[in-house]
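Counting with my numbering, you get residues 128 to 472 for the letters of the sequence shown.
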Amino acid sequence: MQTRELGTTGLKGSALCLGTMTWGEQNTEAEAHEQLDYALSKGINFIDTAELYPVPPKADTQGRTETYIGNWMQARKNRDKVILATKVVGRTEMDWFRGEEGRLSRKHILEAVEGSLKRLQTDVIDLYQMHWPDRSTNYFGQLGYTHHPKDSAIALEESLGAMQELITAGKVRHVGLSNETPWGLMRCLHLAETQGLPRVASVQNPYSLLNRTYEIGLAEASIRERCGLLAYSPLAFGVLSGKYLNGAKPPKGRLTLFSRFQRYNNPKADAATMRYVALAKQHGLDPAQMALAYVTTRPFVTSNIIGATTMEQLASNIASIDVKLPPELLTAIDAIQEDIPNPCP
Ligand SMILES: NC(=O)c1ccc[n+]([C@@H]2O[C@H](COP(=O)([O-])OP(=O)(O)OC[C@H]3O[C@@H](n4cnc5c(N)ncnc54)[C@H](OP(=O)(O)O)[C@@H]3O)[C@@H](O)[C@H]2O)c1
Numbered sequence: 128m129q130t131r132e133l134g135t136t137g138l139k140g141s142a143l144c145l146g147t148m149t150w151g152e153q154n155t156e157a158e159a160h161e162q163l164d165y166a167l168s169k170g171i172n173f174i175d176t177a178e179l180y181p182v183p184p185k186a187d188t189q190g191r192t193e194t195y196i197g198n199w200m201q202a203r204k205n206r207d208k209v210i211l212a213t214k215v216v217g218r219t220e221m222d223w224f225r226g227e228e229g230r231l232s233r234k235h236i237l238e239a240v241e242g243s244l245k246r247l248q249t250d251v252i253d254l255y256q257m258h259w260p261d262r263s264t265n266y267f268g269q270l271g272y273t274h275h276p277k278d279s280a281i282a283l284e285e286s287l288g289a290m291q292e293l294i295t296a297g298k299v300r301h302v303g304l305s306n307e308t309p310w311g312l313m314r315c316l317h318l319a320e321t322q323g324l325p326r327v328a329s330v331q332n333p334y335s336l337l338n339r340t341y342e343i344g345l346a347e348a349s350i351r352e353r354c355g356l357l358a359y360s361p362l363a364f365g366v367l368s369g370k371y372l373n374g375a376k377p378p379k380g381r382l383t384l385f386s387r388f389q390r391y392n393n394p395k396a397d398a399a400t401m402r403y404v405a406l407a408k409q410h411g412l413d414p415a416q417m418a419l420a421y422v423t424t425r426p427f428v429t430s431n432i433i434g435a436t437t438m439e440q441l442a443s444n445i446a447s448i449d450v451k452l453p454p455e456l457l458t459a460i461d462a463i464q465e466d467i468p469n470p471c472p
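Printed below as a string of structure tokens:
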């Protein structure tokens, strides 16, 4: 397994990171532990979770995923073998998260971290990410930006200041962003340079063959500023495997089970997926592995966060690390993107 430096932190994380958001909903604790054991045996040392998980988010399941990971590290006594990333929720209408006053305020962050540390049964989080911006901006599939001058956002200075307190207290090692925009990333880096606030180490945003919007503004910033992408939903929720094509509804598939997850399900996505699947087959590749290899090999990507609900999926997804994409295949991928750009932004 290749490793790559997480920003300028000196930490070396595996090029594939293990996503966890199905654990506690689609996957049991035993299945989560089996996935963790297998991933670790294949050289994955990077785990991504969140106080929000599992998904879909619910008051009565919230925190289960972190608890499963905490129990696993406790049982295996292997906390020092993994880079542990988790997240604090941003401004939210989910009222089980500390209410309207919370958000990414100092108070909210200092409270949230205690819950995560307890569930994870650890003293320190390696990468503490802000799950989405507190301010009103465009993320989670929203392309256009509408400015709300009266928006009462928590200042980035306050959020980063709280993160600095956690670093000083030894509860957090590094800070990351998620669902961020170019403005948010550059602003945070500026604040680190000018105000001694922590330098963010990564941006966790969606990136896949069906959503290459990261390339527009953030890819350059990731490379020039050494603050790489932790790519989430690299299979566009499983769509890029081709299993939903022609109206198919695999009974255990996320999009079949949860009607709220339709972000990756639309006629343009179907048309593009049809072409990516055909292209993979033409090159003797598994479509999901081709899609994952594409993400992993982009120069602005620090780690590709894979997700799986079965061991077969996990084994195949991890094996994608050895898949080579020849130049003519990359050219053909770009041609599809040009015809059907970002059908699932
Ligand atoms: N920061 C954020 O806002 C954010 C948002 C989303 C995700 N994430 C992180 O990124 C991780 C990965 O995201 P994701 O789960 O959306 O990734 P994804 O790769 O787009 O989707 C993974 C899902 O696709 C299906 N699948 C996986 N491998 C497959 C294969 N080889 N063949 C067919 N189907 C396959 C499985 O679902 P089914 O079996 O149900 O079909 C699996 O759960 C999450 O666990 C989380 O850690 C972060």
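For each residue, glycine too, the CB sits at the ideal point set by N, CA and C.
Between R230 and R218, the beta carbon gap of about 4 Å places them in contact (Cβ cut-off 8 Å).
The three-state secondary structure of P394, taken from DSSP, is helix. Taking 6 Å as the cut-off, one finds no heavy atom of ligand 1 near enough to the beta carbon of Q269. Between A142 and W150, the CB-CB gap reaches or exceeds 7 Å. If you draw a straight line from the Cα of Q153 to the Cα of T436, it comes to about 7 Å. Per DSSP, the beta bridge partners of S141 are T130.
CA-CA distance, Y272 to W310, rounds to 12 Å. Counting C-beta pairs closer than 8 Å gives three or more between the segment 321-328 and the segment 283-301, which meets the contact rule. Annotation: A358 to E455 spans about 24 Å, alpha carbon to alpha carbon.
Here DSSP, grouped into helix, strand and coil, assigns G217 to coil. DSSP, reduced to helix, strand and coil, places G323 outside both helices and strands of the structure shown, so it counts as coil. Runs of the alpha helix (DSSP H) lying entirely within the segment 157-211, each at least 4 residues long, are 191-203 in chain order. The alpha-carbon separation between G146 and E193 amounts to approximately 12 Å. When the alpha-carbon of G365 is set against those of P184, H301, H275 and P414, the nearest one is in P414. Per DSSP, reduced to three states, the secondary structure at S305 is strand. Annotation for T340 indicates a beta carbon at 6 Å or more from all heavy atoms of ligand 1. N306 and H275 do not touch by the CB rule: their CB atoms are close to 17 Å apart, not below 8 Å. Using a Cβ-Cβ distance cut-off of 8 Å, the segment 394-411 and the segment 422-430 are not in contact, since fewer than three pairs of beta carbons, one from each stretch, lie closer than that value. If you keep only unbroken beta strand (DSSP E) runs of at least 3 residues inside the segment 353-386, you get 356-359. The closest heavy atom of ligand 1 lies 6 Å or more from the beta carbon of D253. A direct Cα-Cα distance of roughly 19 Å separates A186 from L384.
Per DSSP, M438 has no beta bridge partner at all. Look at Q389 here: in three-state DSSP terms it is coil, with no helix or strand label.
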